[in-house]
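Trainee: Before I ask anything, let me first share the structure, which is written out below as structure tokens.
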Amino acid sequence: MTDDPAPETPPLKAAELAAYLAARMCHDFISPASAIVSGLDLLEDPTAQDMREDAMELIAASARKLSDLLLFTRVAFGAAASAETFDARELEKLAQGVFGHIRAELDWQVEVPAVNKATARTLLNLAQMAGAALPTGGVAQVRAVQEGAQIAIAIEARGPRARIRPEVLAGLRGEGPGDGLHGHWVQARYVNLFVGDAGGRVFAEAGEEIVTFAATLPA
């Protein structure tokens with residue numbers, strides 16, 4: 054579990070966190086954006102007119118992926134305009150949009166009709182991290198219930214080869230990435246920061262073919 058006392062780590066500078074988050078988002082967006090450009094290049098190539106249908110399919114699929122990622126990121130990482138509460142059904146649509154482009158499936162079982170911004174970000178980020186924990190497929194079940202003045206979130210990623218990267222665990226504990234990839238670490242560290250700022254807690258653990266994420270936040 055990640056609720057053990059964390060070792061002392063140097064304070065994370067805001068500019069450093071922003072740079073890592075920007076790099077993470079650019080990494081997510083560059084693949085579909087590059088695919089769109091490749092499709093357009095094929096359309097303009099007079100020697101590849103027999104591939105016009107394939108090019109159009111590539112452009113359409115990549116544009117959908119890019120749009121889904123942008124809509125998701127706006128809430129999961131951004132300010133999402135001035136909204137302070139979010140309809141759980143709209144959050145499910147955002148999460149399903151991302152899961153439509155990976156091997157894992159999403160089982161959304163959120164019982165609360167609306168949540169505050171910190172809880173919305175937690176649900177989306179942990180759901181995406183659960184999907185990433187299932188590289189060969191499986192099911193990520195997302196549950197959330199209100200218990201008094203708290204929202205309890207439990208996410209289980211079940212599937213063959215389910216695993217969680219050490220840098221993700223480190224980020225959720227509020228630690229540095231060590232030798233791990235910053236792109237995976239920064240999302241977990243960001244979750245650790247805004248959950249802590251909201252007065253909540255976040256945890257994660259891995260078992261045989263299962264990774265579990267959990268969080269509690271003020272309702």
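Residue numbering for the sequence shown follows this note's numbering, starting at 54 and increasing by one per position.
Glycine residues also receive a C-beta, built at the ideal position from the N, C-alpha and C atoms.
Look at the Cβ atom of alanine 186, then the Cβ atom of alanine 215, and state whether they are nearer than 7 Å.
Mentor: Numbered from its first residue, the sequence shown carries residue 186 at position 133. Numbered from its first residue, the sequence shown carries residue 215 at position 162. Cβ atoms of alanine 186 and alanine 215: closer than 7 Å.
Trainee: Do alanine 108 and glycine 131 have their C-beta atoms closer together than 7 Å?
Mentor: Residue 108 sits at position 55 when you count from the first residue of the sequence shown. Residue 131 sits at position 78 when you count from the first residue of the sequence shown. Not in contact: alanine 108 and glycine 131 (Cβ atoms no closer than 7 Å).
Trainee: Going by C-alpha to C-alpha distance, which of Thr100, Met104 and Thr126 sits closest to alanine 76?
Mentor: Residue 76 sits at position 23 when you count from the first residue of the sequence shown. Considering only alpha carbons, the answer is Thr126.
Trainee: So valine 264 and alanine 210 are in contact, right, with Cβ under 8 Å, and what is the actual spacing, rounded?
Mentor: For the purposes of this step, residue 264 is identified with residue 211 of the sequence shown, where counting begins at 1. For the purposes of this step, residue 210 is identified with residue 157 of the sequence shown, where counting begins at 1. Right, their Cβ atoms sit about 4 Å apart.
Trainee: Does DSSP classify isoleucine 263 as helix, strand or coil?
Mentor: Taking the sequence shown and counting its residues from 1, one reaches residue 263 at position 210. Looking at isoleucine 263 - three-state DSSP - the assignment turns out to be strand.
Trainee: Can you tell me whether DSSP reads proline 188 as helix, strand or coil?
Mentor: For the purposes of this step, residue 188 is taken as residue 135 along the sequence shown, with counting starting at 1. Three-state DSSP puts proline 188 in coil, outside helix and strand.
Trainee: Roughly how many angstroms separate the alpha carbons of aspartate 232 and glutamate 220, rounded to a whole number?
Mentor: Walking along the sequence shown from the start, residue 232 turns up at place 179. Walking along the sequence shown from the start, residue 220 turns up at place 167. Aspartate 232 and glutamate 220: Cα-Cα distance of roughly 8 Å.
Trainee: Spatial neighbours of arginine 242 within its chain, please: CB distance less than 6 Å, with the 5 preceding and 5 following residues excluded, ordered by chain position.
Mentor: Counted from its first residue, the sequence shown places residue 242 at position 189. Within the same chain, arginine 242 has close Cβ partners Gly224.
Trainee: Going by CA-CA distance only, name the one from Ile217, Pro213 and Ile112 that's closest to glutamine 181.
Mentor: For the purposes of this step, residue 181 is taken as residue 128 along the sequence shown, with counting starting at 1. Glutamine 181 has its Cα closest to that of Ile217, out of Ile217, Pro213 and Ile112.
Trainee: According to the neighbour-count rule (16 or more other Cβ atoms, all chains shown, within 10 Å of its Cβ), is leucine 64 buried or exposed?
Mentor: Your numbering for residue 64 matches position 11 in the sequence shown. Rather than leucine, the amino acid found at residue 64 in this sequence is proline. It is exposed - the Cβ of proline 64 has fewer than 16 other Cβ atoms within 10 Å.
Trainee: My parser needs the beta strand (DSSP E) runs of 3 or more residues fully inside the region 171–255; what are they?
Mentor: Listed in chain order, they are 192–200 and 203–211.
Trainee: Take valine 128 as the anchor and find which of Asn245, Glu143 and Ala114 has the nearest alpha-carbon.
Mentor: Taking the first residue of the sequence shown as 1, we reach residue 128 at position 75. Measuring from the Cα of valine 128, the nearest candidate turns out to be Glu143.
Trainee: Give me the Cβ distance between isoleucine 206 and leucine 179, rounded to the nearest whole Å; I'm assuming they're in contact under 8 Å.
Mentor: Here residue 206 refers to the residue found at position 153 when the sequence shown is read from its first residue. Here residue 179 refers to the residue found at position 126 when the sequence shown is read from its first residue. Yes, they are in contact, since the Cβ atoms of isoleucine 206 and leucine 179 sit about 7 Å apart, within 8 Å.
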